[in-house]
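Trainee: Let me begin by handing over the structure; questions about it come next.
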Amino acid sequence: MEQAVTRSIERLAGQANYGTWAFAMEMLLIDLDLWDCVSEKFVADSVEAKKKDAKARSKICLMCKENIYPMLMHLKTARDTWQALQKYMLTAGYCDGYICCGSYSMSN
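Oh and the sequence shown: position 92 is 1341 in the working numbering, straight run, nothing missing.
Shown next as structure tokens:
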């Protein structure tokens, strides 16, 4: 099931698909019980927590195209990876979905 879901998510290519990618990835990470690694000040203070964070980071990175990898290679946590992508992708102010805009309305 997980493989089918990840195959249906378009890999992050850049700012043009960031909003829809971020929403889909948030839903995937929630489904896999990994979102807390990104959304909270997650403390990887045990072997199990470190594995969980590494899994979340790998899911995020593997759902990016190869041209994005250089900006992620030096990052160590899922939260740092998510925040770096968010900061970089939102810098230009491009918005393809409600995540970029901060709120969603049906009139968009």
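The C-beta atom is built at its ideal place from N, Cα and C for all residues, glycine as well.
All of these numbers come straight from a predicted model, not from anything done at the bench.
Compare the C-beta of I1309 against all C-beta atoms of chain B and say whether one is closer than 8 Å.
Mentor: As a matter of chain content, chain B is missing from the structure shown, which is built from one protein chain.
Trainee: For L1261, list the residues DSSP reports as bridge partners.
Mentor: The sequence position of residue 1261 within the sequence shown is 12, counting from 1. According to DSSP, which records beta bridges pairwise, L1261 is partnered with C1313.
Trainee: Can you grab the Cα-Cα spacing for the pair L1321 / D1282, in whole Å?
Mentor: Position 72 of the sequence shown, counting from 1, holds the residue named residue 1321. Position 33 of the sequence shown, counting from 1, holds the residue named residue 1282. Taking the straight line joining both Cα atoms gives about 22 Å.
Trainee: Cβ of K1308 within 8 Å of Cβ of L1334?
Mentor: The sequence position of residue 1308 within the sequence shown is 59, counting from 1. The sequence position of residue 1334 within the sequence shown is 85, counting from 1. No, the Cβ-Cβ distance between K1308 and L1334 is not below 8 Å.
Trainee: I need the straight-line Cα distance from A1298 to K1290, nearest angstrom please.
Mentor: Along the sequence shown, one-based indexing puts residue 1298 at 49. Along the sequence shown, one-based indexing puts residue 1290 at 41. A1298 and K1290: Cα-Cα distance of roughly 12 Å.
Trainee: Are A1305 and V1287 close, meaning C-beta to C-beta below 8 Å?
Mentor: What you label residue 1305 is simply residue 56 of the sequence shown in a count that begins at 1. What you label residue 1287 is simply residue 38 of the sequence shown in a count that begins at 1. For A1305 and V1287, yes; Cβs fall inside 8 Å.
Trainee: Counting only runs that start and end within the segment 1262-1343, where is the beta strand (DSSP E) found for 3 or more residues in a row?
Mentor: The segment 1262-1343 contains no whole beta strand (DSSP E) run of 3 or more residues.
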